[in-house]
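> Structure in structure tokens, see below.
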Amino acid sequence: MHANRIWELLSRKMDGEASMDELRELEQLLMNLPEDAYRIDIVTSYLSKKPDSGTSGEEEALAWQKHIGLMQNLHPEEFDDAPSDVLPPRRHSLISHFRWPKVVLFSILFVVIFSTAWLLYQKHASSSLSSSANPVQLSDQNIPSHPSKTKQVLPDGTQVWLNGNSHISYEENFGKNNKREVVLIGEAFFDVTHNRHVPFIVHAKSINITVKGTTFNVKAYPEDKNVETSLLRGVVEVSSKADPKRKFVLKPSEKINISASADNEMLQPTSGKKTLSGSAHDNNIYSIDKLQPEPGSNLIPEVAWLQNKLVFNSEPLSAIVGKMQRWYGAAIEIKDNRLKDLRFTGVFSNETLRQALNALQATYPFEISMDNNVVILYIK
Amino acid sequence: MIDQIQLQLLLERIAVFGDHDAYKRLFWVFYKDLNRFAYSFVGSNEVAEEIVSDAFVNLWKNRTRLLEIENLKVYLYVAVKNLSIRHRTRNNRDQLISLDDLAVDIPLTCGYANPEELCISAELATAIHTAIQKLPPRCKIIYKLIREDGLRYKEVADILQISIKTIDAQMTIATRKICQSINFVLK
Chain A
0 MHANRIWELL
10 SRKMDGEASM
20 DELRELEQLL
30 MNLPEDAYRI
40 DIVTSYLSKK
50 PDSGTSGEEE
60 ALAWQKHIGL
70 MQNLHPEEFD
80 DAPSDVLPPR
90 RHSLISHFRW
100 PKVVLFSILF
110 VVIFSTAWLL
120 YQKHASSSLS
130 SSANPVQLSD
140 QNIPSHPSKT
150 KQVLPDGTQV
160 WLNGNSHISY
170 EENFGKNNKR
180 EVVLIGEAFF
190 DVTHNRHVPF
200 IVHAKSINIT
210 VKGTTFNVKA
220 YPEDKNVETS
230 LLRGVVEVSS
240 KADPKRKFVL
250 KPSEKINISA
260 SADNEMLQPT
270 SGKKTLSGSA
280 HDNNIYSIDK
290 LQPEPGSNLI
300 PEVAWLQNKL
310 VFNSEPLSAI
320 VGKMQRWYGA
330 AIEIKDNRLK
340 DLRFTGVFSN
350 ETLRQALNAL
360 QATYPFEISM
370 DNNVVILYIK
Chain B
0 MIDQIQLQLL
10 LERIAVFGDH
20 DAYKRLFWVF
30 YKDLNRFAYS
40 FVGSNEVAEE
50 IVSDAFVNLW
60 KNRTRLLEIE
70 NLKVYLYVAV
80 KNLSIRHRTR
90 NNRDQLISLD
100 DLAVDIPLTC
110 GYANPEELCI
120 SAELATAIHT
130 AIQKLPPRCK
140 IIYKLIREDG
150 LRYKEVADIL
160 QISIKTIDAQ
170 MTIATRKICQ
180 SINFVLK
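So the protein lines, in turn, are chains A and B.
Following numbering that gives the first Met the number 0 from start to finish, the first sequence increments by one per residue and tops out at 379.
Following numbering that gives the first Met the number 0 from start to finish, the second sequence increments by one per residue and tops out at 186.
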């Protein structure tokens, strides 16, 4: 009797709690029940749709008025300025409720205080986006970023696995107007529901990725210099926002790296730079490579994070250190330039930072020291 | 539903600057869900309203320590739960409150997606809602917190002091019962 297990897995899937293994198991179980698949689809999409809690707002307005009255009694010195005739803000006005300059000011403060640099980046990304030719409004639908990996299902059934500290958002009218558009900050793996008529577009930093139904990985962390798109199956089309006419078509098992320096050009107020596609610019802006599985484990490094593995295949230490900083949430610095270009191949999964560094050290004898919570690698 | 990042931003604005706007926004975002949650325990709208208000009074009082909070959502729900339980034990002297005798109310008219959009009939939608309404209290409170309020399993586990396994089991029951109610049974 698999029925109960199916209900359990369906519940977890609807609530975004299912792991990759559980989703795979569910797929397997459902494959044996083709006649029920359609009904399961309908019921689950109906049940997993979270009701919008922000209704008329009357109830909140009334409660807030009473509450602020109480606060004025309790803390007269702090709340005397609060207007007593608080008007209920309308639905969806929550974002405009923020005063922009204030938000920017706060962001800067927080960056200074909490070093959460990417909070600021998010504002930066969404504002630069809305000023581009193809504006995506500040998302009404936000899928929160979690410190660890999460899986989300978009309204069209597209599945997205978000890596740690990554964030994806989309407009409320996602899927309508013949457009499926999402904005990505960080790293995500997409399994896009096939729909020939409604292209699926990922905006990541300075590039747009257009797909029709496929599986691919996008890495666009704020602190990275480039955006990396790896394609597992299907076809995707990658274009830079600075030069939308120039399109790169990726074939399965290929990845493209586009330098995000095009960002800077894009942000210039005068975007009359038709010369961007000039040859001088082409040289260092992109590279297309084959995806190579790591020989020992047969894992593809680009998507190994899905299985909680950190894989690198003949990569320079400078790149590995970047990955390890993200993986372990630690600051690592290479003091000696000779170390930067050393290439390593390997897989980490449950190792601690110390164990991982020791393993690298065993391959090439460098020194490790700690200074103000920064790990420093050097040669004696 | 509010984004985790926006929530953190509000929390920091309240904690660091004593920002009234952020405080108000937080109240607006959580009022309804917390009110329904409190109602489950106390069974009175007026009392539920006071409890949520008190929870926010305490939050303001302790705002300088807000940054120590790991999860603001969980903090608010736990605060409301504790105030609700205190209210009940004070008035009824029933020392033990079981999740099995809560009066969870899930309004039928809450803004689920338009049934037509999802190609299901209005009758089917009503049947589903009736089934949700009929769930046993323990199951229903867990269902409400997860499906309606959008909390994670881990968060609900922390709020209700139950295991994730229990949540799994209860959500399984809910999904099965709802599907059964529309004569959708897996063999």
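The beta-carbon is built from N, C-alpha and C at its ideal position, and this holds for glycine as well.
No experiment lies behind these values; they were computed from the predicted model shown.
In whole angstroms, give me the CA-to-CA distance for A/R245 and A/I299.
Along the first sequence, read from residue 1 onward, the residue named residue 245 of chain A stands at position 246. Along the first sequence, read from residue 1 onward, the residue named residue 299 of chain A stands at position 300. Roughly 28 Å between the two C-alpha positions.
> Run through chain A and tell me which residues come within less than 7 Å of B/R39, C-beta to C-beta.
For the purposes of this step, residue 39 of chain B is identified with residue 40 of the second sequence, where counting begins at 1. The sequence shown places Ser at residue 39 of chain B, not Arg. By Cβ distance, chain A contributes nothing, its closest Cβ being about 16 Å from B/S39, past 7 Å.
> Mind listing the chain B neighbours of A/N3? Cutoff is C-beta to C-beta under 7 Å, in chain order.
Here residue 3 of chain A corresponds to residue number 4 of the first sequence, with the count starting at 1. What A/N3 touches in chain B: T171.
> Please compile the residues from chain B whose C-beta is within a distance smaller than 7 Å of the C-beta of A/H382.
Residue 382 of chain A falls outside the range modelled here, since chain A spans only 0 to 379, and no answer is possible.
> Check A/Q405 in the structure and name its three-state DSSP category.
Residue 405 of chain A lies beyond the stretch modelled for chain A, which goes from 0 to 379, so this question has no answer here.
> Who pairs with A/G156 in a beta bridge, going by DSSP?
One-based indexing of the first sequence puts residue 156 of chain A at position 157. Its beta-bridge partners do not exist; DSSP assigns none.
> Let's see if you can read the secondary structure: which residues bound the beta strand (DSSP E) around B/P136?
Taking the first residue of the second sequence as 1, we reach residue 136 of chain B at position 137. Note, B/P136: premise wrong, no beta strand (DSSP E); alpha helix (DSSP H) at P136 to Y142.
> May I have the straight-line CA-CA distance separating A/S44 from A/A17, to the nearest angstrom?
Sequence index remark: in the first sequence, residue 44 of chain A carries index 45 (1-based). Sequence index remark: in the first sequence, residue 17 of chain A carries index 18 (1-based). Cα to Cα, A/S44 sits roughly 15 Å from A/A17.
> List the residues of chain B that A/L161 touches, going by C-beta distances under 8 Å, in chain order.
Taking the first residue of the first sequence as position 1, residue 161 of chain A is located at position 162. None at all; the shortest Cβ gap to chain B is about 12 Å.
> Along the chain, where does the alpha helix (DSSP H) containing A/N164 start, and where does it finish?
Here the question's residue 164 of chain A lines up with position 165 in the first sequence. From DSSP, A/N164 is part of no alpha helix (DSSP H); its letter is neither H nor E.
> What does B/E48 touch in chain A if you count any residue whose Cβ is under 8 Å from its own?
To locate residue 48 of chain B, count along the second sequence from 1; it is residue 49. Here the neighbours are A62 and K65.
> Pick helix, strand or coil for A/K65, following the three-state DSSP scheme.
Mapped onto the first sequence, residue 65 of chain A falls at position 66. Here A/K65 sits in helix by DSSP.
> Strictly below 7 Å CB to CB, what residues from chain A border B/K23?
On the second sequence, residue 23 of chain B is found 24 positions in, with the first residue counted as 1. Result: W63.
> Any beta carbon from chain B within less than 7 Å of A/D242's own beta carbon?
On the first sequence, residue 242 of chain A is found 243 positions in, with the first residue counted as 1. Chain B contact via Cβ: absent.
> For B/V15, which of helix, strand or coil comes out of DSSP?
Taking the first residue of the second sequence as 1, we reach residue 15 of chain B at position 16. Helix.
> State buried or exposed for B/Q169, treating a residue as buried only when at least 16 other CB atoms are found within 10 Å of its CB.
Locating residue 169 of chain B in the second sequence gives position 170, where the first residue counts as 1. The residue in question, B/Q169, is buried, as its Cβ has 16 or more Cβ neighbours within 10 Å.
> Mind reading off the beta-carbon distance from A/L376 to A/L338? Whole number of angstroms is fine, and I expect it under 8 Å.
As a working mapping, residue 376 of chain A is identified with position 377 in the first sequence. As a working mapping, residue 338 of chain A is identified with position 339 in the first sequence. Sure, about 6 Å apart at Cβ, within 8 Å.
> Rounded to a whole number of angstroms, what is the C-alpha to C-alpha distance between A/P198 and A/W160?
The sequence position of residue 198 of chain A within the first sequence is 199, counting from 1. The sequence position of residue 160 of chain A within the first sequence is 161, counting from 1. Each residue's Cα considered, the two are about 19 Å apart.
> Taking A/E77 as the reference, which of B/K60, B/K72 and B/E67 has the closest Cα?
The residue you call residue 77 of chain A lines up with position 78 of the first sequence. With distances taken between CA atoms, A/E77 lies nearest to B/K60 out of B/K60, B/K72 and B/E67.
> Does any residue of chain A have a CB that is nearer than 7 Å to the CB of B/F26?
Counted from its first residue, the second sequence places residue 26 of chain B at position 27. So, interface residue.
> Rounded to the nearest angstrom, what separates A/E366 and A/A329 at their Cα positions?
The residue you call residue 366 of chain A lines up with position 367 of the first sequence. The residue you call residue 329 of chain A lines up with position 330 of the first sequence. Going by C-alpha positions, A/E366 is about 17 Å away from A/A329.
> Can you tell me whether DSSP reads B/L150 as helix, strand or coil?
Translated into the one-based positions of the second sequence, residue 150 of chain B becomes position 151. The three-state secondary structure of B/L150, taken from DSSP, is coil.
> Do B/I166 and B/A130 have their C-beta atoms within less than 7 Å of each other?
For the purposes of this step, residue 166 of chain B is identified with residue 167 of the second sequence, where counting begins at 1. For the purposes of this step, residue 130 of chain B is identified with residue 131 of the second sequence, where counting begins at 1. In this structure, B/A130 does not lie closer than 7 Å to B/I166 by Cβ.
> For B/D99, is the classification buried or exposed, using 16 other Cβ atoms within 10 angstroms of its Cβ as the cut-off for buried?
As a working note, residue 99 of chain B is residue 100 in the second sequence. Exposed, since its Cβ has fewer than 16 Cβ neighbours within 10 Å.
> Please confirm if B/R175 has its CB atom under 7 Å from at least one CB of chain A.
Position 176 of the second sequence, counting from 1, holds the residue named residue 175 of chain B. Judged by the 7 Å Cβ criterion, B/R175 is in contact with chain A.
> Less than 7 Å between C-beta atoms, sequence neighbours within five positions excluded: which residues of the same chain meet that for A/Q291?
Here the question's residue 291 of chain A lines up with position 292 in the first sequence. Excluding positions up to five away in sequence, the list reads N312.
> Could you give the uninterrupted runs of the alpha helix (DSSP H) lying entirely in the stretch 186-229 of chain A, keeping only those of 4 residues or more?
none
> Looking at the secondary structure, which residues open and close the beta strand (DSSP E) in which A/P243 lies?
By one-based count along the first sequence, residue 243 of chain A stands at place 244. A/P243 -> beta strand (DSSP E) spans D242 to L249.
> Assign A/G56 to one of three DSSP states: helix, strand, or coil.
As a first step, residue 56 of chain A is located in the first sequence; it is residue number 57 there, counting from the start. A/G56: coil per DSSP, three-state reduction.
> In terms of residues, what are the limits of the beta strand (DSSP E) holding A/I257?
Locating residue 257 of chain A in the first sequence gives position 258, counting from the first residue. First-last of the beta strand (DSSP E) with A/I257: E253 to S258.
> Answer with buried or exposed for B/A102, where buried requires no fewer than 16 other C-beta atoms within 10 angstroms of its C-beta.
In the second sequence, counting from the first residue as 1, residue 102 of chain B sits at position 103. Taking every protein chain shown into account, the CB of B/A102 has fewer than 16 other CB atoms within 10 angstroms, so this residue is exposed.
> How big is the Cα-Cα spacing for A/S168 and B/K31?
Along the first sequence, read from residue 1 onward, the residue named residue 168 of chain A stands at position 169. Along the second sequence, read from residue 1 onward, the residue named residue 31 of chain B stands at position 32. Distance between the alpha carbons of A/S168 and B/K31: 24 Å.
> Specify the secondary structure class of A/D340 as computed by DSSP and reduced to three states.
Locating residue 340 of chain A in the first sequence gives position 341, counting from the first residue. If DSSP states are grouped into helix, strand and coil, A/D340 belongs with coil.
> Can B/A37 be considered in contact with the ligand ZN, in the sense that its beta carbon sits closer than 6 Å to one or more heavy atoms?
With respect to the ligand ZN, the structure shown offers nothing to examine, as it has no ligands at all.
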